[in-house]
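The block underneath contains the structure these notes are about, expressed in structure tokens.
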Amino acid sequence: MRKKRVIIGATSAIAEQCARLWVSDAAELTLVGRDLARLERQAADLRVRNPAVVIRVLTVDFMDASAISSLAEDVVQRSEGGIDSVLIAHGSLPDQGSCEKDLVACRVALAINALSPVLFAEAFAGHFAVAGKGTLGLIGSVAGDRGRKSNYVYGAAKGLVDRYMEGLQHRFAASAVRAVLVKPGPTDTPMTAHLKAKGMKLADPGNVASAIVSGMARGCAVVYAPAKWRLIMLVIRHLPRMVFNRMDI
Numbered sequence: 068m069r070k071k072r073v074i075i076g077a078t079s080a081i082a083e084q085c086a087r088l089w090v091s092d093a094a095e096l097t098l099v100g101r102d103l104a105r106l107e108r109q110a111a112d113l114r115v116r117n118p119a120v121v122i123r124v125l126t127v128d129f130m131d132a133s134a135i136s137s138l139a140e141d142v143v144q145r146s147e148g149g150i151d152s153v154l155i156a157h158g159s160l161p162d163q164g165s166c167e168k169d170l171v172a173c174r175v176a177l178a179i180n181a182l183s184p185v186l187f188a189e190a191f192a193g194h195f196a197v198a199g200k201g202t203l204g205l206i207g208s209v210a211g212d213r214g215r216k217s218n219y220v221y222g223a224a225k226g227l228v229d230r231y232m233e234g235l236q237h238r239f240a241a242s243a244v245r246a247v248l249v250k251p252g253p254t255d256t257p258m259t260a261h262l263k264a265k266g267m268k269l270a271d272p273g274n275v276a277s278a279i280v281s282g283m284a285r286g287c288a289v290v291y292a293p294a295k296w297r298l299i300m301l302v303i304r305h306l307p308r309m310v311f312n313r314m315d316i
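Numbering of the sequence shown is given in my numbering, commencing with residue 68 and proceeding in unit increments.
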């Protein structure tokens, strides 16, 4: 059956790859972002890949709770029979030093990486609850697994996403609604260009997208992408504090 899917933060590198994987079996694909021109270019590319798919592009203020609520309502009403899945993929990678020195930068980092994704998730979760089915995917990060001095503001935001998704999974445990938390490791995107310049090995966004698409199809509770990060973060989470505090990470 052809699916009706929504991607929030659709112009992010990982989300773009997910859209390319989904467009082949989608009846409707709604792309949500902030830059209309980029969304239109993305939609044009996807229409070439599958001329039969209905693609909509919508812009919204990602920090406006009322606008987010209205957008979710509008998307659901436009999709006859409801939507099958939502992927929430937006975020930013803030500079930790800037967050320490500038509280405005700190607030923005926490808002775009934690508050905004949760508001989108809650808006669509209400519609899935009424429908009694659907899949909601939210991209978090391995950074949320344990606070580290190199990125603890970003990690704190993603830690909030972790706790939120745990609660959402508990809420829907007795239903056919699935909440999927995705935890990518460092991935080769414009957001991590500075890490690539330092020689850090980064995951391919296409491979990460494949893991997301597969994990959402299976309704997995947590998807680490690449999968090796599950073991890596298991070790980091369980390091004794005395050992952890001596590490430069």
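Ideal Cβ positions, reconstructed from N, Cα and C, are used throughout, including at glycine.
Since this is a predicted model, take the numbers as computed values, not measurements.
Query raised in the report: Any beta-carbon of chain D closer than 9 Å to the one on residue 144?
Result: Chain labels in this structure do not include chain D; a single protein chain is all it has.
Query raised in the report: How many angstroms separate the CA atom of residue 186 from the CA atom of residue 135?
Result: 7 Å
Report task. Could you say which of 165, 118, 277, 303 lies nearest to residue 292 if we only look at CA atoms? Result -> 277
Report task. Report the residue from 265, 275, 235 whose alpha carbon sits nearest the alpha carbon of residue 252. Result -> 275
Query - Length of the line joining the Cα atoms of residue 315 and residue 307 - result: 15 Å
Requested in this report: Report the three-state DSSP secondary structure of residue 123 (helix, strand or coil).
Outcome: strand
Requested in this report: Return the CA-CA distance between residue 233 and residue 240, expressed in angstroms with no decimal places.
Outcome: 10 Å
Report task. Would you mind reading off the limits of the alpha helix (DSSP H) that contains residue 245? Result -> First-last for residue 245: 243–251, but that is the beta strand (DSSP E), not the alpha helix (DSSP H).
Report task. Kindly indicate the opening and closing residues of the beta strand (DSSP E) around residue 72. Result -> 70–75
**Report entry** CB of residue 180 within 9 Å of CB of residue 158, strictly
**Finding:** yes
Requested in this report: Measure the Cβ-Cβ separation of residue 177 and residue 188 and say whether it is below 9 Å.
Outcome: no
Report task. Report the rounded CA-to-CA distance for residue 109 versus residue 270, giving the unit in angstroms. Result -> 22 Å
Query raised in the report: Apart from the five residues on each side of it in sequence, which residues of its chain come closer than 7 Å, Cβ to Cβ, to residue 287?
Result: 247
Query raised in the report: What whole-angstrom Cβ distance do residue 146 and residue 95 have, given they're in contact under 8 Å?
Result: 6 Å
Report task. Thinking residue 196 and residue 244 are a contact (beta carbons under 8 Å), I'd like their distance in whole angstroms, please. Result -> 7 Å
Query raised in the report: Taking buried to mean at least 16 other C-beta atoms within 10 Å of its own C-beta, is residue 211 buried or exposed?
Result: buried
Query raised in the report: Once you ignore the five residues that flank residue 101 on each side, which residues in its own chain have a CB closer than 7 Å to its CB?
Result: 126, 129
Requested in this report: Have a look at 79, 99, 299 and flag the residue whose alpha-carbon is nearest the alpha-carbon of residue 72.
Outcome: 99
Requested in this report: Could you tell me which residues DSSP pairs with residue 204 in its beta bridges?
Outcome: 154, 247
Query raised in the report: Based on the DSSP secondary-structure assignment, which residues constitute the bridge partners of residue 214?
Result: DSSP output for residue 214 lists no bridge partner at all.
Query raised in the report: With C-beta atoms as the reference, is residue 289 less than 9 Å away from residue 281?
Result: no
Query raised in the report: With residue 209 and residue 296 assumed to form a contact (beta carbons below 8 Å), what rounded beta-carbon distance in angstroms separates them?
Result: 5 Å
Query - In DSSP terms, what residue 291 is bridged to - result: 250
Query raised in the report: Among 93, 140, 237, which residue has its Cα nearest to the Cα of residue 118?
Result: 93
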